[in-house]
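First comes the structure, then the notes that go with it.
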Amino acid sequence: MDEISILGKLNQIHIEAMSFFDRAGGYLKSNGSWKEDKDFGYSYEHIDYWVKLPEDAQSEAKLIASRLAGLAQQTAPTIRRSPLLTEADEREAGHAFKGMRSALRFRDFEFEDVQVLHDEGSVLGLQAARESERMADPSEAKRHFSSWCNSLIARLELADLRPAEGKDIPLTSSGAIAAGYRPDTAFIIMRISKEHPELEDACNKIKECFRRFGIKAVRADDIEHEEIITQRILDEIKTAEFLIADITGERPSVYYEIGYAHALGRRVIMYRKAGTPIHFDIAAYNCPDYTNLTALEGMLMKRLEVLTGGPPRNP
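For what it's worth, the numbering used here labels the leading residue of the sequence shown as 419, then goes sequentially.
Structural data, given as structure tokens:
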């Protein structure tokens, strides 16, 4: 199957799944296994409706799930090579496929991200990310499937659906995330120098743009007092939702941090002041230049509006 047909295939699966839920619900009603609530549109009795389906209906659901699994294998690399999508989009796409698969078995898929456990300001530890399922009736399952599917379609509408040229670069992790994925955070990778105040102005402009989308952006000097690569900085690169780099100044530390992010499979938003050369290491990546802070602001605001799926939250 060509990448260009991913959206079409997903829409077709959606249609077939809706028909399956309607037929399954009709069967369960006809044999008295399910009585739909007339006021709320679904039953609150969380019994295992899956086991009450005939074998041919279960086989139909399994066939749809198998097609979803095949589509998932092609969706992941498509998201990775799409400049408007991020690692967070790939994770959410994975949740969407799991949610649709669960719905086909009359289950509601639930996911909880890493939680920080604290008491009166003291951090006690971390609660690992968890996935779980609960039983759902046919109406609930139909709604959940449609919701997960529409979420995935919205992401794929921003994806680069052209056939891949050459071998896809896998998005892999070199190890466990140090402190868990942190939504609405950004880490700024750039040269830090008191002798170049224009870099400070660029950093402040980047922070301002992220703030308008409800995202807190920090630079290394916000968490460290020395321009060295420490474990704390590496942890920021691992866990921040967004990574942005300004390669102006061509600092080795900046290239190192970008390379570290790429080794983790993280996507980095990159910019550079006009006239800054691009070294071979990142020559294949998109790194537009800006002539002034107004130009930088315009490009970054447009990029963030696409990445976050909406306009700025704050003026």
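Glycine included, each C-beta is placed from N, C-alpha and C at the ideal position.
Since the structure is predicted, the reported quantities are computational estimates derived from the model, not experimental observations.
Residue environment for residue 562: buried (at least 16 other C-beta atoms within 10 angstroms of its C-beta).
Taking all protein chains in view, the Cβ of residue 619 is surrounded by fewer than 16 other Cβ atoms within 10 Å, so the residue is classified as exposed. At a Cβ-Cβ threshold of 8 Å, residue 660 and residue 633 count as neighbours. Bounds of the beta strand (DSSP E) holding residue 636 are 634-637. Rounded to whole angstroms, the gap between the alpha carbons of residue 667 and residue 623 is 17 Å. In its chain, beyond the 5 residues on either side, 502 and 504 have a beta carbon closer than 7 Å to the beta carbon of residue 725. Contact between the region 484-494 and the region 427-434 is present: 3 or more CB-CB pairs across the two stretches fall below 8 Å. Looking only at 653, 676 and 655, the smallest Cα-Cα distance to residue 664 is reached by 676. By the Cβ neighbour-count rule, residue 681 is exposed, with fewer than 16 other Cβ atoms within 10 Å of its own. Rounded to whole angstroms, the separation of the alpha carbons of residue 482 and residue 631 is 38 Å.
Pairing residue 525 with residue 548 gives a Cβ-Cβ distance that is not under 8 Å. For residue 486, the closest of 554, 520, 467 and 641 by C-alpha to C-alpha distance is 520. Residue state for residue 674 is assigned as helix, using DSSP reduced to three classes. DSSP places residue 607 in the strand class (E or B) of the three-state scheme.
Burial is judged here by how many other beta carbons sit within 10 angstroms of a residue's own beta carbon; residue 686 has at least 16 and is buried.
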